[in-house]
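In full-length UniProt numbering, the protein residues as written are 1 to 356.
Backbone N, C-alpha and C define an ideal beta-carbon position, used for all residues, glycine too.
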């Protein structure tokens with residue numbers, strides 16, 4: 001009975017694992033591809049899984065046939081088949097064919113997905129027709145620069161759907177890895193070289209994800225590695241163009257509308273401005289930035305990439321960033337704020353919106 005109970009428990013756990021393996025959200029799951037790259041990688045994964053499961057099934061069937069059909073019943077020695085050229089050819093050729101079935105599409109897709117030649121094609125204006133974004137990974141935040149559009153933002157990547165977006169990836173401090181699970185596989189960001197790749201965000205997939213995908217750091221980089229998140233707003237091309245125009249229209253810091261926000265701006269200019277920029281054209285492509293650009297902070301969905309953007313969470317972050325994201329640089333560079341200062345800064349940050 002005890003053995004039966006253990007088998008029942010094992011069966012239940014196996015069933016739960018099978019069911020949970022199919023769970024996932026459209027904004028985060030690799031099993032719900034929302035882009036051309038993700039779909040191709042998913043197709044390769046399906047192909048390899050089918051082949052592996054097929055091999056396991058065939059071997060298992062052969063094993064069971066041998067165990068039951070050729071079970072020794074007497075002292076008679078069965079016919080020996082060692083040295084059979086036919087069998088040796090069969091079990092040599094079949095694995096080779098299976099490897100070719102796996103290798104050929106994998107190599108083809110590897111070279112196809114690595115094609116970033118469009119990033120080098122420059123037009124008469126000295127810019128690329130392709131949308132290029134420079135990604136810089138930092139402990140523990142992300143910066144996104146659009147060189148053709150001459151704007152910089154942080155923590156929330158904005159991209160158009162149904163067109164290829166090319167990325168230059170680099171790290172400021174230690175190795176990180178740029179990954180948007182639903183849209184494409186990860187790629188490392190290094191301090192000594194620039195990695196390049198492209199992604200395409202599917203409009204139907206973006207609709208299922210409410211136009212907001214989750215991005216992750218996929219390389220262990222420090223105590224807050226698991227919290228080094230960013231968000232991706234995938235919007236139709238016309239909305240993306242509107243966002244770009246809105247960002248380009250911000251030449252001076254956004255002026256506060258309330259007295260409390262004005263107090264926050266004064267406080268921000270006394271200390272925070274030393275690390276944070278509040279205009280989208282704050283630096284050149286090769287300059288390392290100290291802290292996230294906050295130009296459109298009020299438009300973003302999340303605070304620090306991990307908290308829903310609302311007044312309560314902004315105050316939590318300003319009051320104690322070290323508890324929420326251990327090891328972040330902000331904790332080491334600013335002093336303790338009073339409740340009044342936190343209220344003023346929060347009011348100011350919430351008014352930093354480029355899209356009214």
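Please report the distance separating the alpha-carbon of residue i from that of residue j.
i           : j           : result
residue 238 : residue 30  : 27 Å
residue 423 : residue 259 : The displayed coordinates of the chain run from 1 to 356. Any statement about residue 423 would go beyond what the structure contains.
residue 33  : residue 74  : 57 Å
residue 248 : residue 235 : 18 Å
residue 347 : residue 311 : 8 Å
residue 16  : residue 352 : 46 Å
residue 206 : residue 48  : 27 Å
residue 328 : residue 322 : 7 Å
residue 61  : residue 25  : 36 Å
residue 44  : residue 338 : 55 Å
residue 119 : residue 111 : 16 Å
residue 95  : residue 304 : 50 Å
residue 287 : residue 13  : In this prediction, residue 287 scores a pLDDT of 44, lower than 50, which makes its location untrustworthy; no coordinate-derived value is stated.
residue 98  : residue 54  : 11 Å
residue 280 : residue 250 : 7 Å
residue 85  : residue 198 : 49 Å
residue 103 : residue 109 : 10 Å
residue 342 : residue 320 : 11 Å
residue 78  : residue 70  : 8 Å
residue 336 : residue 222 : 24 Å
residue 278 : residue 308 : 21 Å
residue 87  : residue 76  : 23 Å
residue 274 : residue 9   : 59 Å
residue 56  : residue 204 : 36 Å
residue 11  : residue 209 : 34 Å
Alpha carbons only, please: which of the options is nearest the one belonging to residue i?
i           : options              : result
residue 243 : 351, 154 and 159     : 159
residue 114 : 321, 64 and 41       : 41
residue 137 : 274, 118 and 191     : 191
residue 189 : 207, 176 and 132     : 176
residue 172 : 336, 193 and 156     : 193
residue 58  : 82, 35 and 91        : 91
residue 174 : 279, 318 and 228     : 228
residue 128 : 142, 144 and 148     : 148
residue 271 : 163, 65 and 330      : 330
residue 157 : 317, 343 and 297     : 297
residue 255 : 301, 220, 354 and 12 : 354
residue 212 : 70, 164, 181 and 319 : 181
residue 164 : 78, 38 and 79        : 38
residue 240 : 77, 63, 162 and 123  : 162
residue 233 : 302, 123 and 56      : 302
residue 179 : 220, 300 and 152     : 220
residue 245 : 261, 152 and 210     : 152
residue 105 : 46, 65 and 63        : 46
Just to confirm, are residue i and residue j a CB contact at a threshold of 8 Å?
i           : j           : result
residue 325 : residue 27  : no
residue 360 : residue 186 : Past the boundaries of the shown model lies residue 360; the chain is included only from 1 to 356, so the question cannot be answered.
residue 154 : residue 253 : no
residue 200 : residue 215 : no
residue 166 : residue 135 : no
residue 101 : residue 51  : yes
residue 35  : residue 202 : yes
residue 294 : residue 344 : no
residue 133 : residue 145 : yes
residue 350 : residue 314 : yes
How would you label residue i, buried or exposed, when you count the other beta carbons within 10 angstroms and need 16 or more for buried?
i           : result
residue 89  : exposed
residue 224 : buried
residue 276 : buried
residue 340 : exposed
residue 169 : buried
residue 183 : buried
residue 131 : buried
residue 143 : buried
residue 68  : exposed
residue 125 : exposed
residue 289 : buried
residue 93  : exposed
residue 318 : buried
residue 284 : Residue confidence for residue 284 is low, a pLDDT of 46 falling below 50, so the modelled location carries little weight; the figure read from the coordinates is stated next. Residue 284 should be labelled exposed.
residue 72  : exposed
residue 300 : buried
* Inside the segment 131–175 only - beta strand (DSSP E) runs reaching at least 3 residues -> 131–138, 141–146, 151–154, 156–160 and 164–171
* Pick out the complete alpha helix (DSSP H) segments inside the segment 198–234, 4 residues or longer, and give them in chain order. => With a minimum length of 4 residues, the continuous alpha helix (DSSP H) runs that stay inside the segment 198–234 are 203–208.
* alpha helix (DSSP H) runs contained entirely in the segment 8–56, provided each spans 4 or more residues -> none
* Asked: Fully enclosed by the UniProt domain "Cytochrome c" (259–353), which alpha helix (DSSP H) runs are 4 residues long or longer?
  -> For the UniProt domain "Cytochrome c" (259–353), the continuous alpha helix (DSSP H) assignments of 4+ residues that do not extend past its boundaries occur at 259–270, 311–319, 321–324, 330–333 and 339–350, in sequence order.
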